[in-house]
Every structure is written in C-alpha cells, then in structure tokens.
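Start counting at 1 in the sequence shown, then tack on 922, and there's your number in our numbering. Here a beta-carbon is modelled for each residue, glycine too, at the ideal position from N, C-alpha and C. Remember, predicted model here, so these are calculated numbers, not experimental data.
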Amino acid sequence: MSTEKLKQSENDAREELKKATEAQENKLKELKVIITKYTQLHSQLRRQERTLQIQANQHMKSMRAMEAQIKAIHDYLTRCKEMHGKMLGSITAPSWAISHHYHMTAIEHTMGHTQPHILEVGDMIRGHLHIYAMANCTTQYRKQAELHLRKANADRTKAADKVKQVYAKLRKVRTNIIKTLKVASRARILTITPQSNNWR
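The structure is reproduced here in structure tokens:
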C-alpha cells in the first residue's frame, strides 16, 4: 500500500473517530439535560408529596374529631332512647294526674305520636302545662341533637372523600417520583464511559 493511501486511510479513520467522539459528546450533553430535567422534576414532586402528606394528615385529624363528635351525639341519643323505653315500660296503669305519666305522654306527643286532649288536661291540672313545656324542650333538644348527628355524618363523608382524593394524588405523585428516579438513574448509567471509570 502506498504512502498516500496510508495517509488517506489514517485521515479517514481520524475523521470517523472525530465524528464518533462528537456524536458521543452530543449524546452525553443530551443525557445531562435529561438528568437535570428529571432531577428538578423529582425535587418538585418531593415538595408536592410533602404538601399532600400534610393535607392528608390535617384531613385525618379533622375526621377523627368529627368521629369523636358523632360518637358523643350517638351515645347521647342512644341513652335517651333506652331511658325513654325503660320509663315507658315502667308505667303499668297510666294516669295523667300523675306528673311522671303526664310527662312521658307529653314527650310522646311532642315527638309526633299524637295524644288527644293532652293540652286540655295540662290546662286543667295545676303545674301540668309546665311539665308539657319541659317535655317539649326535651324533645326539641333531642331533635336538635339528631340534626347535628346528620350534619356531622354528612361532614364526615365529605372529609372522607377529601382524604381519598388527597391519597389518590399522593399515590400518583409517588408513582411519578419512582419514574423520575428510574429515568435519571438510567441516564446516569449511560453517561458512564470506560474512560471515566479508568477501565483498562
């Protein structure tokens, strides 16, 4: 082979090496851009994760407070119902002249179980209208408690929905965090060259 051909082959080899080196450098630059992009995205997702976790904790705390309130109201209404049943059960020979009997009948009336002539009787027997007023007050208090219970249950349902929404977002963010880590890790592996590791 002539000297000129050898030189030409050498030049061609150098040109190919130069192109290959440039291509590798361009790829490395692209990989570094990807690493930077996904590292930043990873940081953003971590911040978002912390924010969502705080929100989830706040909603859970709020829900626990609601559950405690619901239990307290429910327990009160249960006690009222049990006491009401026992007191009604203890009356074997009802008589409106007996204050306790009239009081229980008045409670039944104010709860919607109509008792004919109860107000007329209350007007005739001294002190019975006052008993009727007390019975009505007791019933209204129970009705108010029932209203609060319904509202508390509705609020708890809304809070539970919010918790579900936050945790759904949190799962999505955590999935994306894993994805960003994988992409960045793969890109870092591809940037490792024999020269950078001093392979021999």
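Distance from residue 1088 to residue 977 at the Cβ level is roughly 5 Å; contact confirmed, criterion being Cβ atoms closer than 8 Å.
At least 8 Å separates the beta-carbon of residue 1047 from that of residue 1025. Distance between residue 1066 and residue 998, taken at the CA atoms: about 12 Å.
Put simply, the backbone Cα of residue 973 is about 40 Å away from that of residue 946. With 16 or more other CB atoms across the displayed protein chains lying within 10 angstroms of its CB, residue 995 is buried. Excluding its 5 nearest sequence neighbours in each direction, residue 1078 has C-beta neighbours in its own chain below 8 Å: 985, 988, 989 and 992, listed in chain order.
Fewer than three pairs of CB atoms, one per stretch, sit closer than 8 Å, so the segment 1085-1100 makes no contact with the segment 941-958.
For residue 1009, the enclosing alpha helix (DSSP H) stretches over residues 925-1011. Three or more beta-carbon pairs separated by less than 8 Å link the segment 1102-1110 to the segment 960-967, which places the two stretches in contact. With fewer than 16 other Cβ atoms from the protein chains shown falling within 10 Å of its own Cβ, residue 1036 counts as exposed. The beta-carbon separation of residue 1109 and residue 956, rounded to 5 Å, stays under the 8 Å limit for a contact. Judged by beta-carbon spacing, residue 1029 lies within the 8 Å limit of residue 1057, meaning their Cβ atoms are closer than that value.
Cβ-Cβ distances below 8 Å link residue 968 to 1099 in the same chain, with the five nearest sequence neighbours on each side left out; the list follows chain order. The C-alpha of residue 1039 is placed about 19 Å away from the C-alpha of residue 1061.
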